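This report refers to the structure that appears directly beneath it.
What follows is the structure, encoded as structure tokens:
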């Protein structure tokens, strides 16, 4: 899977964490993803049913189609929150995304406790 990042990305440790976490999501790397997800993580898709718990998130990740490319346009962090937006390519189709992430604390090893994800395509949670 090809990953492209903004030129400014990499100065803040949390930037690398967010990029790695989302790369693990798109690459279906459950071992990498699992190390960052809190057991009771809630992953929301506005307008659709949220995923509750690490197991539900892992099942969703496994059911997603293969991603061939992720282009990160921006990765922002502040305290225990962060966000990333960009475009992923799956099956030759480009889908813009935006994720808002909330960690348990501002510490570098803090687990991810909440995510709100937006996808430009309809029925995003099924992708």
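In our numbering, the protein residues as written are 2 to 128.
Backbone N, C-alpha and C define an ideal beta-carbon position, used for all residues, glycine too.
Quick caveat: nothing in here was measured; it's all calculated off a predicted structure.
For residue i, which residues in the same chain have their Cβ closer than 6 Å to its Cβ, ignoring the five residues on either side in sequence?
| i | result |
| --- | --- |
| residue 31 | 59 |
| residue 90 | 69, 70 |
Would you tell me roughly how many angstroms separate the C-alpha atoms of residue i and residue j, rounded to the nearest one?
| i | j | result |
| --- | --- | --- |
| residue 157 | residue 101 | Since the displayed the chain opens at 2 and closes at 128, residue 157 lies outside it and no answer follows. |
| residue 6 | residue 65 | 22 Å |
| residue 3 | residue 14 | 21 Å |
| residue 94 | residue 47 | 22 Å |
| residue 113 | residue 35 | 10 Å |
| residue 56 | residue 40 | 8 Å |
| residue 120 | residue 9 | 24 Å |
| residue 12 | residue 52 | 31 Å |
| residue 96 | residue 45 | 18 Å |
Is the Cβ-Cβ distance between residue i and residue j less than 8 Å?
| i | j | result |
| --- | --- | --- |
| residue 81 | residue 110 | no |
| residue 16 | residue 71 | no |
| residue 87 | residue 98 | yes |
| residue 115 | residue 103 | yes |
| residue 37 | residue 22 | yes |
Out of the options, point me to the one whose CA is closest to residue i's CA.
| i | options | result |
| --- | --- | --- |
| residue 61 | 78, 9, 43 | 43 |
| residue 18 | 94, 33, 121 | 33 |
Can you give me the Cβ contacts of residue i inside the same chain, cut-off strictly under 8 Å, excluding the 5 residues immediately before and after it?
| i | result |
| --- | --- |
| residue 77 | 83, 84, 85 |
| residue 73 | 4, 5, 6, 7, 10, 20, 23, 85, 86, 87 |
Measuring only from the beta carbon, is residue i closer than 7 Å to any heavy atom that is part of the ligand ADP?
| i | result |
| --- | --- |
| residue 110 | Ligands are entirely absent from the displayed structure, and the ligand ADP is therefore not among its contents. |
To which residues of the same chain is residue i closer than 7 Å at the C-beta, ignoring the five residues directly before and after it?
| i | result |
| --- | --- |
| residue 67 | 91 |
Give, in chain order, every unbroken run of the alpha helix (DSSP H) that is at least 4 residues long and sits entirely within the segment 22–76. 31–37, 55–64
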